[in-house]
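Engineer: The structure is given below, and queries will be raised subsequently.
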Amino acid sequence: MSDLFQPYAPDPSEPKKRRFRPVPFRMVAPNLITLLALCLGLTAIRVAYEGRLEYAVIAIVAAAVLDGVDGRVARLLKGTSRFGAELDSLADFLNFGVAPGLVLHSFILKDVKAGGWVVAMIFAIAAALRLARFNVALDDPHQPEWKKDFFVGMPAPAGAGTALLPIYLHFLGVPVTSAAPMALFYVLAIALMMVSTVPTFSGKTWGKRIPRDWVLPLFVLTVAAFGLLVSFPFEAMACLSLVYLCTIPLSVARYRALQRGAAAPPLQAAQEAEAGIEPPAASATENRPDSQ
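Given below as structure tokens:
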């Protein structure tokens, strides 16, 4: 019997099989950027409770910049993955929901006692709901093309940046600490905007093609904006927040105009059908796509 079942001895010259296939670096790079943004969000919470609000604001703004970079890097390197999308959502929840809420609570919301803590929680939960709704909307294949220029509600990074407006004003010398109830209602309004259905500009389809005459002015404006942000960070962030809030009524008006334009052809066809007007018959030449 021992001759029938010989012990298996593997060939020593045979290469060992790897259990896991190596992952290309292009799949890892976007996730590394997301993790850096996550570290900045956690650091913002720590330095805020140490009383270093300036560094906390800078960390959240830097996390917002990295949040805009990681997705573009993933698409550029063709390194998008389900894992990266889920990690990005979790990082956004902490960076733009939990971190701003706690930073604001440590700065001014704590002066309103329990009400300030409730508003900080509402802000964080609103960011989570906003991100969940955004992830669900990505799976809608029937979304019209023109709707890609709009977000449903205020996006989480913009909500975090505008919610920090009381801190910007504080560093500019405005006595906001004496108006804690007003700051509470302001942060609550921003939280409600994130979970609302108010359309806001997304800019996803802007800038795909830049006119040749605008290239050099765009370079100059970019350098000037960077210089202003570095030299006058809180002035620049306060102005950007106010300008963004002022664009919301414009985005609502633009959205409604496009919505009416998209609904006009079907409505006109229905009215013609009710009136008994038949559409003109297409000629034989019009039915040929290769006709001149």
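Going by my numbering, 58 is the number at position 58 of the sequence shown; the sequence numbering is gapless.
Note that CB positions come from ideal geometry on N, CA and C, so glycine has one too.
Can you tell me where the beta strand (DSSP E) with V98 in it begins and where it stops?
Structural biologist: Sequence index remark: in the sequence shown, residue 98 carries index 98 (1-based). Run containing V98: none; DSSP gives neither H nor E here.
Engineer: Determine the direct distance from the alpha carbon of F219 to that of L123, and round the result to whole angstroms.
Structural biologist: Within the sequence shown, numbered from 1, the residue matching residue 123 stands at position 123. Within the sequence shown, numbered from 1, the residue matching residue 219 stands at position 219. Residue identity differs from the one stated: residue 123 is Phe in this sequence, not Leu. In a straight line, the C-alpha of F123 is about 36 Å away from that of F219.
Engineer: Can you look up V223 in the DSSP assignment and give me helix, strand or coil?
Structural biologist: Taking the first residue of the sequence shown as position 1, residue 223 is located at position 223. Of the three classes helix, strand and coil, the one that applies to V223 here is helix, per DSSP.
Engineer: Rounded to a whole number of angstroms, what is the C-alpha to C-alpha distance between E286 and K147?
Structural biologist: What you label residue 286 is simply residue 286 of the sequence shown in a count that begins at 1. What you label residue 147 is simply residue 147 of the sequence shown in a count that begins at 1. Caution applies to E286, whose pLDDT of 40 falls short of 50 and renders its modelled position unreliable; the model cannot decide the point.
Engineer: Just grab the DSSP bridge partners of P199 for me.
Structural biologist: For the purposes of this step, residue 199 is taken as the residue at position 199 of the sequence shown. DSSP, once it has assigned bridges, lists V152 as partnering P199.
Engineer: So what's R260 in DSSP terms, helix, strand or just coil?
Structural biologist: Here residue 260 refers to the residue found at position 260 of the sequence shown. Note: R260 maps to helix in three-state DSSP.
Engineer: Identify, in the order they occur along the chain, each residue of the same chain with its Cβ nearer than 8 Å to the Cβ of C39, setting aside the five sequence neighbours on each side.
Structural biologist: In the sequence shown, the residue the question calls residue 39 occupies position 39. The answer is none, since no qualifying residue turns up.
Engineer: Pick helix, strand or coil for T247, following the three-state DSSP scheme.
Structural biologist: As a first step, residue 247 is located in the sequence shown; it is residue number 247 there, counting from the start. Note: T247 maps to helix in three-state DSSP.
Engineer: Measure from the alpha carbon of V174 to the alpha carbon of each residue in A238, S251, A257, then state which is nearest.
Structural biologist: Taking the sequence shown and counting its residues from 1, one reaches residue 174 at position 174. That would be A238, whose Cα lies nearest to the Cα of V174.
Engineer: Look at the alpha carbon of L240 and the alpha carbon of L229, and state the distance between them as a whole number of angstroms.
Structural biologist: Locating residue 240 in the sequence shown gives position 240, where the first residue counts as 1. Locating residue 229 in the sequence shown gives position 229, where the first residue counts as 1. Roughly 10 Å separates the two Cα atoms.
Engineer: Measuring only the C-alpha atoms, how far is A120 from T43?
Structural biologist: The count along the sequence shown starts at 1 and reaches residue 120 at position 120. The count along the sequence shown starts at 1 and reaches residue 43 at position 43. One C-alpha to the other measures close to 18 Å.
Engineer: Can you list, in chain order, the residues of its chain whose CB lies under 6 Å from that of P30, leaving out five sequence neighbours each side?
Structural biologist: Position 30 of the sequence shown holds residue 30. The residues are D70, V73, A74, G79, G84.
Engineer: What number of angstroms, rounded off, separates the C-alpha of L66 from the C-alpha of A37?
Structural biologist: Taking the first residue of the sequence shown as 1, we reach residue 66 at position 66. Taking the first residue of the sequence shown as 1, we reach residue 37 at position 37. Their backbone Cα atoms lie some 6 Å apart in a straight line.
Engineer: Count the C-beta pairs between the segment 46–63 and the segment 128–138 that are closer than 8 Å, then say yes if the count reaches three, no if not.
Structural biologist: These segments do not touch.
Engineer: Please say whether P100 and L164 have beta carbons closer to each other than 8 Å?
Structural biologist: Locating residue 164 in the sequence shown gives position 164, counting from the first residue. Locating residue 100 in the sequence shown gives position 100, counting from the first residue. Result yes, Cβ atoms of L164 and P100 sit closer than 8 Å.
Engineer: Would you mind giving the Cβ-Cβ distance between G153 and S106, rounded to the nearest angstrom? I have them listed as a contact below 8 Å.
Structural biologist: Translated into the one-based positions of the sequence shown, residue 153 becomes position 153. Translated into the one-based positions of the sequence shown, residue 106 becomes position 106. About 26 Å separates the two Cβ atoms, so there is no contact after all.
Engineer: Assuming T43 is part of the alpha helix (DSSP H), what are its boundary residues?
Structural biologist: Start at 1 with the first residue of the sequence shown, and residue 43 comes out as number 43. Residues 25–49.
Engineer: Taking R254 as the reference, give the member of F201, E235, D88, L192 with the closest Cα.
Structural biologist: For this step, residue 254 is matched to residue 254 along the sequence shown. Checked all of F201, E235, D88, L192; the closest Cα to R254 is F201.
Engineer: Could you check the C-alpha separation between M182 and G116 for me, to the nearest Å?
Structural biologist: As a working note, residue 182 is residue 182 in the sequence shown. As a working note, residue 116 is residue 116 in the sequence shown. Rounded to whole angstroms, M182 to G116 spans 11 Å at the Cα level.
Engineer: Looking at C-alpha atoms only, which residue of V28, V112, I108 is the closest neighbour of R82?
Structural biologist: By one-based count along the sequence shown, residue 82 stands at place 82. Measuring from the Cα of R82, the nearest candidate turns out to be V28.
Engineer: Hey, could you find the ends of the alpha helix (DSSP H) S89 is sitting in?
Structural biologist: Along the sequence shown, read from residue 1 onward, the residue named residue 89 stands at position 89. First-last of the alpha helix (DSSP H) with S89: 82–93.
Engineer: In this structure, does DSSP put I108 in helix, strand or coil?
Structural biologist: Translated into the one-based positions of the sequence shown, residue 108 becomes position 108. Here I108 sits in coil by DSSP.
Engineer: Report buried or exposed for G68, applying the criterion of at least 16 other Cβ atoms within 10 angstroms of its Cβ.
Structural biologist: Here residue 68 is taken as the residue at index 68 of the sequence shown, counted from 1. It counts as exposed.
Engineer: So the alpha helix (DSSP H) H170 belongs to, where does it begin and stop?
Structural biologist: Position 170 of the sequence shown, counted from the first residue, corresponds to residue 170. Counting along the chain, the alpha helix (DSSP H) containing H170 begins and ends at 165–171.
Engineer: Does the distance from the C-beta atom of T34 to that of A91 stay below 8 Å?
Structural biologist: On the sequence shown, residue 34 is found 34 positions in, with the first residue counted as 1. On the sequence shown, residue 91 is found 91 positions in, with the first residue counted as 1. Their beta carbons are under 8 Å apart, which means T34 touches A91 by this criterion.
Engineer: Name the residue from V57, I45, L32 whose alpha carbon lies nearest to the alpha carbon of E235.
Structural biologist: Here residue 235 refers to the residue found at position 235 when the sequence shown is read from its first residue. Comparing Cα positions, the closest option is V57.
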